[in-house]
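The next block holds one structure in the form of structure tokens; read it before the comments.
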Amino acid sequence: MTRPNDSALLAMYRQMVLIRIAEEALLRLFERAEMPGFIHSYIGEEATGVGVCYALETADVITSTHRGHGHAIAKGCDLNLFFAELYGRASGTCKGKGGSMHVADLDIGVFGANGIVGGGVPIAAGAALASSIRGEKRIAVAFMGDGATDIGPFHETLNLAAVWNLPVVFVVENNGFADFIRVSDHQKIDRISQRASAYGMPGETVDGNDVEAVHSAAKEAVERARSGHGPTLLECVTYRWRGHFEGDPQPYRTQDEVEAWKARDPIKAAQVRLIEAGLADPSVFESIRAEMTGKVDDAVNFARAAPYASPESALEDVYTDLAVEGWQ
Amino acid sequence: MRMSYSKAITLALAEAMEADEGVFCLGEDVGYGGAYGATQGLRDRFGAARVRDTPISESAIIGFSIGAAMSGMRPVAEIMHMDFIAIAMDQVVNQAAKMRYMFGGKAQVALTIRCGVGGYLNAAAQHSQSLEAWFAHVPGLKIVCPATPGDVRQVLRDSILDDNPVIVMEPLGLYEASGEVPDVYQQRPLGKADVKRRGEDVTIVTWGRTLPEVLEAAEILAAERIDCEVIDLLSLVPWDEQAVFDSVWRTNNLVVVHQAPRRAGFGAEIAATITERAFKELDKPVARICGLNTPVPFAPEMENYVLPRAARIVAEVRKLV
Chain A
1 MTRPNDSALL
11 AMYRQMVLIR
21 IAEEALLRLF
31 ERAEMPGFIH
41 SYIGEEATGV
51 GVCYALETAD
61 VITSTHRGHG
71 HAIAKGCDLN
81 LFFAELYGRA
91 SGTCKGKGGS
101 MHVADLDIGV
111 FGANGIVGGG
121 VPIAAGAALA
131 SSIRGEKRIA
141 VAFMGDGATD
151 IGPFHETLNL
161 AAVWNLPVVF
171 VVENNGFADF
181 IRVSDHQKID
191 RISQRASAYG
201 MPGETVDGND
211 VEAVHSAAKE
221 AVERARSGHG
231 PTLLECVTYR
241 WRGHFEGDPQ
251 PYRTQDEVEA
261 WKARDPIKAA
271 QVRLIEAGLA
281 DPSVFESIRA
291 EMTGKVDDAV
301 NFARAAPYAS
311 PESALEDVYT
321 DLAVEGWQ
Chain B
329 MRMSYSKAIT
339 LALAEAMEAD
349 EGVFCLGEDV
359 GYGGAYGATQ
369 GLRDRFGAAR
379 VRDTPISESA
389 IIGFSIGAAM
399 SGMRPVAEIM
409 HMDFIAIAMD
419 QVVNQAAKMR
429 YMFGGKAQVA
439 LTIRCGVGGY
449 LNAAAQHSQS
459 LEAWFAHVPG
469 LKIVCPATPG
479 DVRQVLRDSI
489 LDDNPVIVME
499 PLGLYEASGE
509 VPDVYQQRPL
519 GKADVKRRGE
529 DVTIVTWGRT
539 LPEVLEAAEI
549 LAAERIDCEV
559 IDLLSLVPWD
569 EQAVFDSVWR
579 TNNLVVVHQA
589 PRRAGFGAEI
599 AATITERAFK
609 ELDKPVARIC
619 GLNTPVPFAP
629 EMENYVLPRA
639 ARIVAEVRKL
649 V
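What follows is the structure in structure tokens.
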């Protein structure tokens, strides 16, 4: 989605707008029951996924989360196939077997969204281990929320990734909540990046709504990994505009709090930056919005027209070789 | 060549690492030869990058292996005692088993998980479980359980070559048992049973540590003119239904023996499958001789009571035939 002559900021801005419009479309489609399953919206957190993925090569690996739409799009997932997957269609990225919580595209290093909080963290480190053993330049990024930093495998993984000096970056999207629980109620520390010191790796906290700050910190961490200097824990402080899932009654916060964070919209912040730098004006923003809306509309139409998965295709892909019986 | 079960594991790992640079081993104490000696000498031969000691971090061991497998490698992860795999259950059950399926067939998780399986060692409740039934219930995993040196060399190498996640259950009580291992390895698909003894009166199906108990029982029963056919399944997912069916067609009696508790054990799956398929061939209901529905106790007197021994197998088979 980026164009070669764009400045980095404009390129990242375009990605953020694409993710925002895709997410807004998903909310509408979900609300009118056109889309099955659950939706965990990424709205408000776009700067994190975009700022990090803009620092990566296509071959680099990411593992994502249940709130993973933005990561997949930022890493370069084909938007048509992405929407087809969320519709559960045969031509989706996962042939309709994964849906929103398991969007994956191994060809571009998206080792999947993951329905288990923290489930992808050791897997990213494993991709980095493969690079390390084979002497490759490929690195890996594990995206996770603040909640994932409380599970056991997070600690096992950071410890061992540091011991083995693996080329991996652990990106924590601290969006304020683990499900319904506020960070201050599930952790006793001010900054999640403090946990890095327990494992002997650098840790940094950045404003996760500032795409340039995220990108700059991510770039440094990626270079550290790629040059053989080991893992980094990068905390990006952002905010979850929507509930944990669509339909979450959100008894745990006030509308005022949400509005205060909306005033810190990462997309609006990037607009201010672009205007200040003379890189764009409101007409550019309008045309980008129109362009991305067109892309999303096309993808929705592609998905709507895509073939349904046959029920019996459920029997495929369990094993590489064993057949699985259906019912007669 | 004659060697112990644990040396046959070492041989299989060395051959697999020699044949494919993508194969590497990781686990607790693996670099130092393993708690039970199955990886002795491998780090000296293949280097610390491919024979890796890990912290006591089972989730990381399995999770790292999954990521490396999805990157095209063939990790062989060791879980020292199968009981400890409980700590890594998310990575085994929700991740390794499902990656290929959830991602529409695009992920390949050619992962081998070697588990030492206790029981018959007075190791008590947390170092003695045979947990095949847990994993047989999870589509996407294969499960094998070789009981002789020749079989572990064969089946472990087959598992490493398999493109799916495979759990290899290695009975620790058989690690020192010796047996013949063929000079040359030839790949076979997983899922073929091996008839360890031919017989006409009753078919006894088993796997793992109970195989020698069953063979001993079959010797005793032979003296009483009860002729047992002993099928070593070797693989539970997939399992060789045809071999069992063919045998039952001749003997008309089926007994399943396993060390895991009887309730919801894998024996129930075998009994149900053969009953559905060959009800009319059976003279009597399928008998299950299994571990009792208790944790495994420490005291030898109690452990010998809870886990199936040759004497119990003899007594139960006598009742059937």
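Just so you know, the protein sequences line up as chains A and B, in that order. For the first sequence, my numbering assigns the number 1 to the initial residue and increments by one for each residue that follows. For the second sequence, my numbering assigns the number 329 to the initial residue and increments by one for each residue that follows. We put the CB at the ideal spot given by N, CA and C, even for glycine. Fair warning: this is a prediction, and the values are worked out from it, not measured in the lab.
Just how far apart, CA to CA, sit residue i and residue j?
i        : j        : result
A:Arg14  : B:Ala405 : 43 Å
B:Ser458 : B:Thr476 : 17 Å
B:Glu604 : B:Ala425 : 28 Å
A:Ile151 : A:Val121 : 10 Å
B:Trp535 : B:Gly362 : 24 Å
B:Asp511 : B:Pro383 : 35 Å
B:Ala464 : B:Gly519 : 13 Å
B:Tyr429 : A:Lys97  : 7 Å
A:Ala327 : B:Ala606 : Rather than Ala, the amino acid found at residue 327 of chain A in this sequence is Trp. Distance between the alpha carbons of A:Trp327 and B:Ala606: 19 Å.
A:Ile181 : A:Arg289 : 34 Å
A:Val168 : A:Asp190 : 24 Å
B:Pro625 : B:Pro589 : 13 Å
A:Val296 : A:Ile21  : 7 Å
B:Gln436 : A:Ile275 : 47 Å
A:His69  : B:Ile389 : 28 Å
A:Ala277 : A:Glu85  : 38 Å
B:Gly595 : B:Thr367 : 32 Å
A:Arg304 : A:Asp248 : 27 Å
B:Gly527 : B:Val614 : 17 Å
B:Phe374 : A:Gly118 : 33 Å
A:Tyr199 : A:Asn159 : 5 Å
A:Val110 : B:Pro403 : 20 Å
B:Leu357 : A:Arg28  : For the record, residue 357 of chain B in the displayed sequence is Asp; it is not Leu. Going by the C-alpha atoms only, they are around 54 Å apart.
So, helix, strand or coil for residue i, using DSSP?
i        : result
A:Val324 : coil
B:Val649 : coil
A:Thr2   : Bear in mind that the predicted position of A:Thr2 carries a pLDDT of just 49, short of 50, making it unreliable; the figure below should be weighed with that in mind. In the structure shown, A:Thr2 sits in coil (DSSP, three-state: anything other than H, G, I, E or B).
B:Ser506 : strand
A:Glu312 : helix
B:Gln587 : strand
B:Cys628 : The residue you asked about is not Cys; residue 628 of chain B is Pro in the sequence shown. B:Pro628: helix per DSSP, three-state reduction.
B:Met329 : coil
A:Met144 : strand
A:Asp185 : helix
B:Asp560 : strand
B:Thr534 : strand
A:Asn159 : helix
B:Asn450 : coil
B:Phe352 : strand
B:Ala347 : helix
A:Arg89  : strand
A:Leu26  : helix
For the alpha helix (DSSP H) containing residue i, name the first residue and the last one.
i        : result
B:Thr538 : 538-551
A:Leu53  : Just to set this straight, residue 53 of chain A is Cys in the shown sequence, not Leu. Residues 46-53.
B:Arg525 : B:Arg525 -> not in any alpha helix (DSSP H); beta strand (DSSP E) instead, spanning 522-525.
A:Asp207 : Looking at the DSSP string, A:Asp207 is not in any alpha helix (DSSP H); the run it does join, the beta strand (DSSP E), is 203-207.
B:Thr603 : 594-606
A:Gly126 : 121-134
Following the continuous beta strand (DSSP E) through residue i, name the residue where it begins and the one where it ends.
i        : result
A:Asn165 : Premise fails: A:Asn165 is in no beta strand (DSSP E) and is neither H nor E.
B:Leu635 : No beta strand (DSSP E) holds B:Leu635; DSSP gives it neither H nor E.
A:Ala104 : It is not in any beta strand (DSSP E) - A:Ala104 carries neither H nor E in the DSSP assignment.
A:Lys219 : Unbroken run through A:Lys219 is the alpha helix (DSSP H), 211-226; no beta strand (DSSP E).
B:Val445 : 440-445
B:Met497 : 494-499
A:Phe83  : Note, A:Phe83: premise wrong, no beta strand (DSSP E); alpha helix (DSSP H) at 79-86.
A:Phe245 : Counting along the chain, A:Phe245 falls outside any beta strand (DSSP E), and DSSP gives it neither H nor E.
A:Val63  : Note on residue identity: the sequence assigns Thr, not Val, to residue 63 of chain A. Unbroken beta strand (DSSP E) run through A:Thr63: 61-63.
A:Glu259 : Here A:Glu259 belongs to no beta strand (DSSP E); instead the alpha helix (DSSP H) covers 255-262.
Flag residue i as yes when its Cβ comes closer than 7 Å to any non-hydrogen atom of the ligand SAM, and as no otherwise.
i        : result
A:Phe154 : The model depicted lacks the ligand SAM and carries no ligand whatsoever.
**Request:** At 3 residues or longer, and completely inside the stretch 264-310 of chain A: list those beta strand (DSSP E) runs for me, N to C.
**Result:** Here no run is fully enclosed.
**Request:** Could you name the residues of the stretch 401-422 of chain B whose beta carbon sits closer than 9 Å to any beta carbon of chain A, in the order they occur along the chain?
**Result:** Met401, Pro403, Ile415, Ala416, Asp418, Gln419, Asn422
**Message:** Along the stretch 505-530 of chain B, where does the CB come closer than 7 Å to a CB of chain A? Name the residues.
**Reply:** none
**Message:** Which complete alpha helix (DSSP H) runs does the stretch 381-418 of chain B hold, if anything under 4 residues is left out?
**Reply:** Here the runs fully enclosed are 386-398.
**Asked** Can you list, in chain order, the residues of the stretch 297-327 of chain A whose Cβ is nearer than 8 Å to any Cβ on chain B?
**Response** Glu316, Asp317, Val318, Tyr319, Thr320, Asp321, Leu322, Val324
**Interface residues of the stretch 115-132 of chain A facing chain B [CB-CB below 9 Å]** = Gly115, Ile116, Gly118, Gly119, Gly120, Val121, Pro122, Ile123, Ala124, Ala125, Gly126, Ala127, Ala128, Leu129, Ala130, Ser131, Ser132
**Message:** At a CB distance below 8 Å, what residues from the stretch 47-75 of chain A approach chain B? Give them in sequence order.
**Reply:** The residues in question are Val61, Thr63.
**Asked** Got a sec: which bits of the stretch 621-633 of chain B sit with their beta carbon under 7 Å from any beta carbon on chain A, in order along the chain?
**Response** none
**Message:** By the 9 Å beta-carbon criterion, what residues does the stretch 545-568 of chain B contribute toward chain A?
**Reply:** Val565, Pro566
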